Amino acid sequence: EDAPVRPAGTPHQPPGAWLVKRLMTDELSSKMRAYLGEIYQLADDSAASNDEYINTSAVADRLNVSAPAVNRMINRLKELGMLQHEPYQGVKLTEDGKREALKQVRGQRIAETFLVKVMGLNWEDIHEDAQMISSAIGDTILNRMDEMAGHPTESPHGEPIPSADGSLPVADDVPLYSAEAGAHVTVTRLRTRETDRLNYISALGLTPGATVEVLHIAPFDGPMQLKLGDEYRIIGHNLAEIIYVRPLSN
């Protein structure tokens, strides 16, 4: 039987580079993938491009781990070519790191959707369970969960789900606070994982898909008065920062 054909090298990549990259990817543990996914989402949550450095203390806070533990993991991921790390600046994903991060994000958001759509759990407090599930399963189970959930394109929080090839649509929504008085908008996603905030936003009815009219905006980052159907809501600037919307088409 003939040996498998291996990819040829390029001017910037020797013929054996594909094998090195494969071994590096296989060496990633579920915890490493979780770090990559969280770093990606930290950059996304801050409305920054993934070329911008993320402070390591923010990574520690996000994952609820100590600074020394984060530094050890960052050094390991840097050795594997997944991160760039600059002292006093932070970390950013390499192209390989971003690719692996998007796989992690895809798995987590599919798991979140499965827990809500198939298992009937509340969408406000599924993040940690979804993270554990997505880190523990392989592609076969993940693909089956994706199928059972109806091949969703968005998580229950409205976040886009990366495709199997790692592509992600460019977001065209904006924070609610940037809308002008008189605007009619649709809530697209909620950029927080804090259960208390999600519960409060849910109680207000400002969930993905809700149609909102902006009635009044107080100056100097003051509160916003909104109308949902026949009901009125007043929210502060800090909530309006994490509720993303898209203008309604005329």
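Just so you know, we're using my numbering here: the sequence shown kicks off at 1 and counts up by one. Where is the CB? At the ideal position from N, CA and C, for every residue including glycine. Treat the numbers as computed from the prediction; the structure is a model and nothing was measured.
Practice task
Starting from the Cα of Asn122, find the closest Cα among His216, Leu198, Ala69 and Leu215 and give me that residue.
Solution key: Counting from 1 along the sequence shown, the entry for residue 122 is found at position 122. For the residues His216, Leu198, Ala69 and Leu215, the minimum Cα distance to Asn122 belongs to Leu198.
Practice task
Helix, strand or coil for Tyr244, going by three-state DSSP, please let me know.
Solution key: One-based indexing of the sequence shown puts residue 244 at position 244. Looking at Tyr244 - three-state DSSP - the assignment turns out to be strand.
Exercise for the section: Mind checking who Gln84 pairs with in its DSSP beta bridge? Expected result: Indexing the sequence shown from 1 puts residue 84 at position 84. Gln84 is bridged to Lys92.
Practice task
Kindly indicate which residue of Met148, Lys103, Glu95 and Pro152 has the alpha-carbon position closest to the one of Gln131.
Solution key: Here residue 131 is taken as the residue at index 131 of the sequence shown, counted from 1. Checked all of Met148, Lys103, Glu95 and Pro152; the closest Cα to Gln131 is Lys103.
Exercise for the section: Just the C-alpha distance for His151 and Asn143, rounded to the nearest angstrom, thanks. Expected result: In the sequence shown, the residue the question calls residue 151 occupies position 151. In the sequence shown, the residue the question calls residue 143 occupies position 143. For the pair His151 and Asn143, the Cα-to-Cα distance works out to about 9 Å.
Exercise for the section: Could you work out which residue in Leu168, Arg233, Arg33 and Pro169 is closest to Tyr200 when comparing CA atoms only? Expected result: As a working mapping, residue 200 is identified with position 200 in the sequence shown. Nearest of Leu168, Arg233, Arg33 and Pro169 to Tyr200, Cα basis: Arg233.
Exercise for the section: Please go through the same chain and pick out, in chain order, the residues whose beta-carbon is closer than 7 Å to the beta-carbon of Arg62, but skip the five residues on each side of it. Expected result: Position 62 of the sequence shown, counted from the first residue, corresponds to residue 62. Cβ within range, chain order: Glu38 and Leu42.
Exercise for the section: Just tell me which of Gly158, Leu204, Asp165 and Asp139 has its CA closest to the CA of Leu256. Expected result: No answer is possible for residue 256: the residues shown for the chain start at 1 and end at 250.
Problem - Pairwise C-alpha distance: Leu226 and Arg22 - result: Along the sequence shown, read from residue 1 onward, the residue named residue 22 stands at position 22. Along the sequence shown, read from residue 1 onward, the residue named residue 226 stands at position 226. Model confidence at Arg22 stands at a pLDDT of 47, short of 50, so the residue's coordinates are unreliable; what they give is reported in the following sentence. Taking C-alpha positions only, Arg22 is separated from Leu226 by approximately 52 Å.
Practice task
Could you spell out the range, first to last residue, of the alpha helix (DSSP H) harbouring Arg76?
Solution key: Position 76 of the sequence shown, counted from the first residue, corresponds to residue 76. Taken as a continuous stretch (DSSP letters only), the alpha helix (DSSP H) holding Arg76 covers Ala67 to Glu79.
Handout entry: Helix, strand or coil at Asp172 according to DSSP, with G and I counted as helix
Key = Position 172 of the sequence shown, counted from the start, is the residue given in the question as residue 172. Three-state result, Asp172: coil.
Exercise for the section: Starting from the Cα of Arg99, find the closest Cα among Glu147, Asp139, Pro162 and Gly182 and give me that residue. Expected result: Counting from 1 along the sequence shown, the entry for residue 99 is found at position 99. Nearest of Glu147, Asp139, Pro162 and Gly182 to Arg99, Cα basis: Pro162.
Exercise for the section: Check whether the Cβ atoms of Ser57 and Ala69 sit closer than 9 Å, and answer yes or no. Expected result: As a working note, residue 57 is residue 57 in the sequence shown. As a working note, residue 69 is residue 69 in the sequence shown. It is not a contact, given that the beta carbons lie outside the stated cut-off.
Handout entry: Chain-order list of residues whose beta-carbon lies under 6 Å from that of Gly166 (same chain, five-residue window excluded)
Key = Against the sequence shown, residue 166 aligns to sequence position 166. Taken in chain order, the residues that qualify are Arg99 and Leu102.
Problem - Residues near His184 by beta carbon distance below 6 Å, same chain, minus five either side - result: Start at 1 with the first residue of the sequence shown, and residue 184 comes out as number 184. Contacts found: Glu213 and Leu248.
Exercise for the section: Run through the segment 112-199 for me and flag every whole alpha helix (DSSP H) of 4 or more residues, listed as ranges in chain order. Expected result: Those alpha helix (DSSP H) runs which fall completely within the segment 112-199 and span 4+ residues are 127-136 and 139-148.
Handout entry: Selected residue, minimal CA-CA separation from Leu206, among Val245, Arg193, Asn71 and Ser134
Key = Against the sequence shown, residue 206 aligns to sequence position 206. Measuring from the Cα of Leu206, the nearest candidate turns out to be Val245.
Exercise for the section: Could you spell out where the alpha helix (DSSP H) holding Thr56 opens and where it closes? Expected result: Here the question's residue 56 lines up with position 56 in the sequence shown. That run of the alpha helix (DSSP H) goes Thr56 to Leu63.
Problem - Backbone CA spacing between Thr192 and Ile243 [nearest angstrom] - result: Position 192 of the sequence shown, counted from the start, is the residue given in the question as residue 192. Position 243 of the sequence shown, counted from the start, is the residue given in the question as residue 243. Distance between the alpha carbons of Thr192 and Ile243 is about 9 Å.
Exercise for the section: Give the secondary structure of Gly236 by DSSP, where H, G and I count as helix, E and B as strand, and everything else as coil. Expected result: To locate residue 236, count along the sequence shown from 1; it is residue 236. In this structure, DSSP gives Gly236 a state outside helix and strand, which the three-state scheme calls coil.
Exercise for the section: Please report the residue range of the alpha helix (DSSP H) in which Leu36 lies. Expected result: The sequence position of residue 36 within the sequence shown is 36, counting from 1. Segment Ser30 to Asp45, the alpha helix (DSSP H) holding Leu36.
Problem - Helix, strand or coil at Glu213 [DSSP, three-state] - result: Taking the sequence shown and counting its residues from 1, the one referred to as residue 213 is at position 213. In this structure, DSSP gives Glu213 an extended state, which the three-state scheme calls strand.
Practice task
Report, in whole angstroms, the separation of the C-beta atoms of Ala210 and Leu190, which I expect to be a contact under 8 Å.
Solution key: Taking the sequence shown and counting its residues from 1, the one referred to as residue 210 is at position 210. Taking the sequence shown and counting its residues from 1, the one referred to as residue 190 is at position 190. Actually they do not touch by this definition, with Cβ atoms about 11 Å apart.
Practice task
For the beta strand (DSSP E) holding Val228, just list the boundary residues, first then last.
Solution key: Working through the sequence shown from its first residue, we reach residue 228 at position 228. Sequence inspection shows Leu at residue 228; the Val mentioned does not correspond to that position. Per DSSP, Leu228 belongs to the beta strand (DSSP E) from Met224 to Leu228.
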